[in-house]
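Taking it in order: structure first as structure tokens, then the write-up.
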Amino acid sequence: MNVIVADLPEVLIIELKLFGDQRGFHLETFQVGRYTDCGVCRPFVQDNMSRSARGVLRGLHLQNPSTQGKLVSAMRGRVLDVAVDVRLGSPNFGRHVAVELSEENRRQLWIPRGFAHGFLTLSETADFFYKCDELYSPKDEIVVRWDDPAIGIAWGMENPLLSTRDAAAPLLSQVANLPVYGQV
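Each number in the numbering used here corresponds to the 1-based position in the sequence shown with 78 added.
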């Protein structure tokens, strides 16, 4: 595997190695020793999978105080995946990283605790896989507006399909109870 440090240094882009022959292929998607060596060192406690149609945008989501680190990938299809630093006091507060994840490029994105996360489905459908280092906690969930001009994500789509909750999300400047830099 190849690890690339993203523009936000805590966010990692992980390129997986595919082993293929006439029978098909094998792809190792997680191995604790290698991931610990590259900085993804918390134990995972929950795996999730979602299927989305073209134009579906999920996000921007995070939890606090039960923050989650996430290792994410597109097992089928293509998505534009985004991580936003929303830790109060962070020198990178409000900055984001956007990376295309697909079954073809075999990339994963490590999204650390204290970052908001969202993705837009670019292909006809996409199966999206999440490994989380904290359990989902509905009472701790926070949603940030996907098109907040202060964050400035270039999604490449003006009218994505959103959940009612995501469509009504506040701007980052209006969100209370954000995680604090150095405490997550």
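Note that CB positions come from ideal geometry on N, CA and C, so glycine has one too.
Residue i classed as buried or exposed, judged by whether at least 16 other C-beta atoms fall within 10 angstroms
i	result
R112	exposed
K217	exposed
V123	exposed
H104	exposed
K95	exposed
I82	exposed
P169	exposed
S151	buried
A254	exposed
Rounded separation between residue i and residue j - CA only
i	j	result
A204	L179	10 Å
A161	E106	23 Å
M235	G155	17 Å
M79	E88	18 Å
I229	V222	10 Å
V258	N183	33 Å
D226	L249	6 Å
Y208	R120	14 Å
T145	D125	15 Å
G172	C116	25 Å
N49	G98	The structure shown does not extend to residue 49, since the chain spans only 79 to 262, so no value can be given for it.
Q261	E181	35 Å
Q109	L187	15 Å
A246	G196	15 Å
T114	I189	14 Å
S251	G102	49 Å
M127	Q100	28 Å
Distance between beta carbons of residue j and residue i, contact taken as under 8 Å
i	j	result
R243	I92	That belief does not hold up - the Cβ atoms of R243 and I92 are roughly 30 Å apart, past 8 Å.
V157	L200	6 Å
L149	V118	6 Å
Same chain, Cβ closer than 8 Å to residue i, five either side skipped, listed in chain order
i	result
L239	A131, G133, V134 and L135
R129	T203, A204, D205 and F206
A232	A176
G174	According to the sequence provided, residue 174 is His. The question's Gly does not apply to it. Only L86, V160, A161, V162, D163, I229, G230 and I231 meet the Cβ criterion.
D211	R120, P121, F122, V123, Q146, G147, K148 and R191
L166	L256, P257, V258 and Y259
S241	R136
W272	Because the chain here runs from 79 to 262, residue 272 falls outside it and cannot be looked at.
Own chain, CB closer than 6 Å to residue i, minus 5 neighbours either side, in chain order
i	result
L58	Outside the shown range of the chain (79 to 262) lies residue 58, about which nothing can therefore be said.
S215	Q141 and S144
A84	I91 and V175
M153	D205 and F207
Close Cβ partners of residue i (< 7 Å) along its chain, the five nearest in sequence each way excluded
i	result
L198	L135, V157, L158, W233, M235 and P238
field: Secondary structure, alpha helix (DSSP H): runs of 4+ residues fully inside the segment 165-248
entry: 242-245
task: Entirely within the segment 96-138 and at least 4 residues each: give me those alpha helix (DSSP H) ranges in chain order.
output: 110-115
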